[in-house]
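Numbering (this note's numbering), first residue to last: 520 to 733. We put the CB at the ideal spot given by N, CA and C, even for glycine. Working notes for the structure below.
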Ligand SMILES: O=C(O)c1cccc(C(=O)CC[C@H]2O[C@@H](n3cnc4c(=O)[nH]cnc43)[C@H](O)[C@@H]2O)c1
């Protein structure tokens with residue numbers, strides 16, 4: 520089974536690829552944001568018969584559950600800002616009668632990935648705007664109590680995978696806390712190291728995973 524791992528940028532791609540030398544895995548930088556990630560992932564899936572797609576990279580972590588340097592495996596990939604703002608608050612597109620806001624990776628794969636890596640397990644939110652205030656972080660956690668992290672590509676990758684009938688997983692290493700904007704608090708090298716370490720442990724699980732194990 521061939522596996523596609525979609526990261527946003529080349530440094531993430533290289534951090535993941537280090538864990539997969541010689542394996543039937545293509546690690547591709549698909550760009551930043553859900554739309555670009557969906558388009559590039561769909562293009563990759565159109566050309567090759569993949570059995571699994573993994574969205575991977577750095578992310579913001581919701582403190583205290585997902586501290587900087589920790590690894591998160593998504594049991595739910597949710598578009599957190601796909602909807603409408605109303606006087607009563609945010610309404611997801613599904614409640615407006617359209618589309619999808621959540622994709623769920625195969626349960627057995629999530630369980631095995633968590634067991635192999637020691638990652639935290641929870642929802643990973645996809646946002647088009649990086650959270651920069653405590654109020655926004657609190658609002659996201661109120662709407663998504665199981666959320667551990669936010670990033671910008673997972674839902675786009677998952678939408679492309681769903682269109683092609685391919686299962687999806689999302690794995691994120693935390694580079695910064697979700698909350699008030701503080702660029703000095705980013706720990707990108709630590710997160711990239713956690714990504715390489717995590718994928719080193721995950722590689723045998725992914726390579727032996729069979730989609731019928733769902
Ligand atoms: O300018 C800022 O304050 C800022 C804070 C955090 C992240 C960014 C990015 O532009 C990174 C985008 C890139 O990295 C992923 N990422 C990493 N941390 C976060 C986050 O807290 N919220 C959302 N995305 C994050 C994301 O998947 C993108 O690929 C800027």
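For residue 695, the number of other beta carbons within 10 angstroms of its own is at least 16, and it is reported as buried.
Take residue 612, set aside five residues on each side of it, and the residues of its chain with a beta-carbon closer than 7 angstroms to its own are 601, 602, 618 and 620, in chain order.
Distances from the CA of residue 568 to each of 712, 680, 707 and 692 were compared; the closest alpha carbon is that of 680.
Remark: three or more beta-carbon pairs, one from each stretch, lie closer than 8 angstroms, so the segment 705–723 and the segment 522–534 are flagged as touching. Taking 3 residues as the shortest admissible run, the segment 582–608 contains the following complete beta strand (DSSP E) segments, listed from N- to C-terminal end: 590–598 and 602–605. Residue 582 holds the alpha-carbon nearest to the alpha-carbon of residue 591 among 598, 582 and 599. The closest heavy atom of ligand 1 lies 6 angstroms or more from the beta carbon of residue 689. A residue is called buried when at least 16 other Cβ atoms come within 10 angstroms of its Cβ; residue 563 meets this threshold and is buried. Distance from the CA of residue 716 to the CA of residue 604, rounded to the nearest whole angstrom, comes to 40 angstroms.
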